[in-house]
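J.: Here it is, the structure, as structure tokens.
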Amino acid sequence: MDMFYKKLSLYLSKNQNISKDDEELYEYAAKVVVHGIINIAITILIGIFFGMLKECVCLFIAFFILRKFTGGLHASKYIYCLISSIVLMILSLIIIQYLEQNSCHMLFLGILIVSTVLIWIFAPIDNKRKKLSIKEKKVYKYFSVILSLIFLVIVLVLMHKNFIIAYSFGIGVIITSLLLILAFFKDRLLQTGG
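Every letter in the sequence shown is one number past the one before it in the working numbering, and letter 142, counting from 1, is 182.
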């Protein structure tokens with residue numbers, strides 16, 4: 041796959057008057073766009089397969105938007121990320137169905153509130169490939185807090201109208217929080233040599 045991105049950036053540099061200095065940037069941009077398209081397509085396919093397209097899309101929206109600013113655990117290769125994302129999406133849909141069938145509203149809200157507070161405390165988490173400056177950390181923290189609060193309010197409003205969509209947005213927040221905490225403890229273990 042990396043060869044595809046490299047060839048695409050070379051093609052663009054030859055045919056679009058892009059400087060050699062920008063080839064790496066275009067290679068990265070191509071990778072981000074292709075991965076985004078793949079992620080969206082798989083989300084839609086999983087949603088259709090399970091008959092839960094709206095739920096899948098709501099979960100993806102909450103997760104994708106929050107994850108941009110919170111950071112969190114990252115796989116070493118895209119294929120591992122893709123596989124773990126598919127597994128997480130399927131498990132999330134199963135959990136959403138369970139919550140819907142068993143009316144676990146208070147348990148869900150409790151976990152969601154704790155997850156939101158954990159995002160406020162721990163976000164953002166640096167990625168080893170992209171370290172944030174002090175200014176970027178402040179901006180990312182601000183957006184992490186505001187966006188997680190917005191999603192919490194959305195869930196609270198939807199709890200009175202549409203539980204399954206509320207669960208979908210909420211599970212997106214909870215997964216973001218879990219990956220944030222896992223990254224935090226992984227970083228701590230690496231720092232202590234454990």
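Backbone N, C-alpha and C define an ideal beta-carbon position, used for all residues, glycine too.
1) Relative to the C-alpha of K177, which residue among F191, F162, R169, H114 is closest?
2) State yes or no: is the C-beta of F148 within less than 8 angstroms of the C-beta of G212?
3) For the putative contact between I105 and L187, defined by C-beta atoms under 8 angstroms, what is the C-beta separation to the nearest angstrom?
4) Indicate the three-state DSSP secondary structure (helix, strand or coil) for K170 in the structure shown.
5) Please check the pair A223 and L113, which I expect to be a contact at CB under 8 angstroms, by giving their CB distance rounded to whole angstroms.
6) Hey, could you find the ends of the alpha helix (DSSP H) M129 is sitting in?
7) If you follow the alpha helix (DSSP H) that M146 is part of, which residue opens it and which one closes it?
8) Tell me whether G150 is buried or exposed, calling it buried when 16 or more other Cβ atoms sit within 10 Å of its Cβ.
9) Leaving aside the five residues before and after I204 along the sequence, list all residues of the same chain whose C-beta is less than 7 angstroms from its C-beta, in chain order.
10) Which stretch, first to last residue, makes up the alpha helix (DSSP H) that contains G212?
11) Using alpha carbons as the reference points, say which of M43, I77, R107, C121 lies closest to E64.
T.: Taking the coordinates as given:
1) Ranking the options by Cα distance to K177, first place goes to F162.
2) Not in contact: F148 and G212 (Cβ atoms no closer than 8 angstroms).
3) Sure, about 6 angstroms apart at Cβ, within 8 angstroms.
4) K170: strand per DSSP, three-state reduction.
5) Contact flag correct, Cβ pair sits at about 4 angstroms.
6) Its alpha helix (DSSP H) spans residues 118-142.
7) M146 -> alpha helix (DSSP H) spans 145-162.
8) So G150 ends up on the exposed side.
9) Excluding the 5 residues flanking it on each side, I204 has same chain C-beta neighbours closer than 7 angstroms at E95, I136, E140, in chain order.
10) Run containing G212: 203-232, per the alpha helix (DSSP H) assignment.
11) Taking only the C-alpha atoms, the option nearest E64 is M43.
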